[in-house]
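In what follows, a structure is listed as structure tokens, so that the remarks can point back to it.
Numbering (our numbering), first residue to last: 914 to 1373.
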């Protein structure tokens, strides 16, 4: 591209592809010599050696001069020179057997941790970051290093004011290797993870079994782009035309601060965005209007409650019937639901307990977002019934059939078991049909299945 052409890029050549019209090369050294003769740049540090001690000597020589080279390296590659032997040795799935990369130890320096700040990622994970006195490490100025999580800080006992040894992991990512305890003065301060999100003030939690602390705020600015993308996805509110790039534009322009703000967008506000035309704005507004009355399970999924995917959203919609009933459910009620364990139940209760999340839900209601009411599971005619599908359905997809069954309180599994109640046979059914008949399970044709779900009831 034109941008690439303007950059002062340089390269070294290390091999050739297909060779036509020339005698075959016998060694890798011959290839490099030919490249050099043809005018291609070849790395002057390459050496041919005869044995393993020679390899070790070259590794040490290049390691000694690496900081003076006009480019960065993190190791050397040792290759078999004989091309015939290379052919015989072959390769494994991702690398040749005739070459090996030998990495150098990462370059290290000492510096002082001036502060530890917390960054909030797009998925809500809080990451502590060491702010350090700037120092040169391998030709790069390093002033910050991720500390990963609270456990990592405690394991290394890193405190604000500590003198630390740092390196660039893989010669790329700065990291704190260890604290130099002999340099401590007693003025160093321990770091404590915040109880509330530094971006939005929502509660911060650390779930059992996880190292990460997370912000649960639905309107958290640090997570907003990811929240909106998920909210608008096909499994969620299914807002046609609201892609990742447009979401980024709207967030950067501060047109939206939470998912509910989507429904306050106007043609005039959209036209302030780069390359947005009247027709595109009208199409997006129409798509937003169409999305205001989704099935309940789609709205539940769109909220992005941790551990609540599409299947569990359908389960919750079928059990509670309305968002109001779900949002006020107590922990013991949630734990009584099939497929909802302690961690998931606690996450759901915690999500709806957040005042910021309740505010967003209120804004959605005020904007006219009203999901369809789902029949509660206690009234669902297929409650407790298990279905298996085999063969091709002609009047709906497997996904649509699953949705219809789950909306009536039933479940769909992949294989026939003792718990299977019905096996629905489409065109060209597989071995499942034989297993079902042998086990005495009820086999339905597609027409019988459609009649069953249309009636909203089935044989006992």
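Where a beta carbon is used, it is the ideal one built from N, C-alpha and C, also for glycine.
Model, not experiment: these values are computed from the prediction.
{"Query": "Among 1197, 1315, 1304, nearest to residue 1381 - alpha-carbon criterion", "Result": "Nothing about residue 1381 can be reported from this structure: the residues present for the chain run from 914 to 1373 only."}
{"Query": "Endpoints, the beta strand (DSSP E) within which residue 1232 is located", "Result": "Premise fails: residue 1232 lies in the alpha helix (DSSP H), 1223 to 1233, not in any beta strand (DSSP E)."}
{"Query": "Same chain only: Cβ atoms within 8 Å of residue 1146, ignoring 5 sequence neighbours per side", "Result": "1215"}
{"Query": "Span of the beta strand (DSSP E) around residue 1013", "Result": "1012 to 1016"}
{"Query": "Proximity below 9 Å, CB of residue 938 to CB of residue 932", "Result": "yes"}
{"Query": "Buried or exposed (CB count within 10 angstroms, at least 16 for buried), residue 1252", "Result": "exposed"}
{"Query": "Contact check, residue 1173 vs residue 1277, beta carbons under 9 Å", "Result": "yes"}
{"Query": "Residue range of the unbroken alpha helix (DSSP H) whose run includes residue 947", "Result": "941 to 950"}
{"Query": "Presumed contact (8 Å Cβ cut-off) between residue 1077 and residue 1024, rounded CB distance", "Result": "6 Å"}
{"Query": "9 Å Cβ cutoff met for residue 1101 and residue 1074", "Result": "yes"}
{"Query": "Contacts around residue 1357, its chain only, beta-carbon distance under 6 Å, and the 5 residues preceding and following it disregarded", "Result": "1335, 1337"}
{"Query": "Extent of the continuous beta strand (DSSP E) run through residue 1069", "Result": "Not the beta strand (DSSP E): residue 1069 falls in the alpha helix (DSSP H), residues 1063 to 1069."}
{"Query": "Cβ neighbours of residue 1170 in the same chain (closer than 8 Å, five flanking residues each side left out)", "Result": "1132, 1134, 1137"}
{"Query": "Residue 1300, enclosing beta strand (DSSP E) - first and last residue", "Result": "1299 to 1303"}
{"Query": "Backbone secondary structure at residue 967 - three-state DSSP", "Result": "helix"}
{"Query": "Beta-carbon contacts of residue 1370 that lie in its chain and below 6 Å, excluding the five residues immediately before and after", "Result": "Reliability of the predicted coordinates at residue 1370 is poor, the pLDDT of 45 falling under 50, and the value obtained from them is presented with this limitation in mind. Closer than 6 Å at Cβ, skipping near neighbours: 1294."}
{"Query": "For residue 1032, the first and last residue of its enclosing alpha helix (DSSP H)", "Result": "First-last for residue 1032: 1021 to 1033, but that is the beta strand (DSSP E), not the alpha helix (DSSP H)."}
{"Query": "Whole-number beta carbon distance between residue 1092 and residue 1064, since they are thought to touch under 8 Å", "Result": "In fact, because the Cβ distance is near 15 Å, the residues do not count as touching under 8 Å."}
{"Query": "Unbroken beta strand (DSSP E) run spanning residue 1039, endpoints", "Result": "1038 to 1050"}
{"Query": "Exposure label - residue 1046; buried when at least 16 CB within 10 Å", "Result": "exposed"}
{"Query": "Beta bridge counterpart(s) of residue 1126 as assigned by DSSP", "Result": "1039"}
{"Query": "Helix, strand or coil at residue 1160 according to DSSP, with G and I counted as helix", "Result": "helix"}
{"Query": "Bounding residues of the beta strand (DSSP E) (the contiguous stretch that carries residue 1056)", "Result": "1053 to 1059"}
{"Query": "Exposure label - residue 1192; buried when at least 16 CB within 10 Å", "Result": "exposed"}
{"Query": "Own chain partners of residue 1343 with C-beta closer than 8 Å, once the 5 adjacent residues on each side are dropped", "Result": "1303, 1304"}
{"Query": "Proximity to residue 1056 [Cα-Cα], best of 1311, 1042, 1067", "Result": "1042"}
{"Query": "The region 1180 to 1191 touching the region 1111 to 1130, judged by at least three CB pairs closer than 8 Å", "Result": "no"}
{"Query": "Euclidean distance between Cα positions of residue 1282 and residue 1029", "Result": "42 Å"}
{"Query": "Boundaries of the beta strand (DSSP E) in which residue 1089 is found, first to last residue", "Result": "1086 to 1092"}
{"Query": "Paired residues, beta bridge with residue 1072 - DSSP", "Result": "1103"}
{"Query": "Residue 1236 vs residue 1212 beta-carbon contact at 9 Å", "Result": "yes"}
{"Query": "Residue 1338 - containing alpha helix (DSSP H), residue span", "Result": "That residue, residue 1338, is in no alpha helix (DSSP H); its beta strand (DSSP E) goes 1335 to 1338."}
{"Query": "C-alpha gap between residue 1373 and residue 1331, whole angstroms", "Result": "Confidence at residue 1373 is low in this model, with a pLDDT of 36, below 50, so the placement of that residue should be treated as unreliable; the coordinate-derived value is given next. Answer to the nearest angstrom: the Cα atoms are 16 Å apart."}
{"Query": "Beta-carbon separation (whole angstroms), residue 1152 vs residue 1200, contact threshold 8 Å", "Result": "5 Å"}
{"Query": "Own chain residues within Cβ distance below 7 Å of residue 995, not counting five before or after", "Result": "940"}
{"Query": "Beta-carbon proximity of residue 1154 to residue 1196, cut-off 9 Å", "Result": "yes"}
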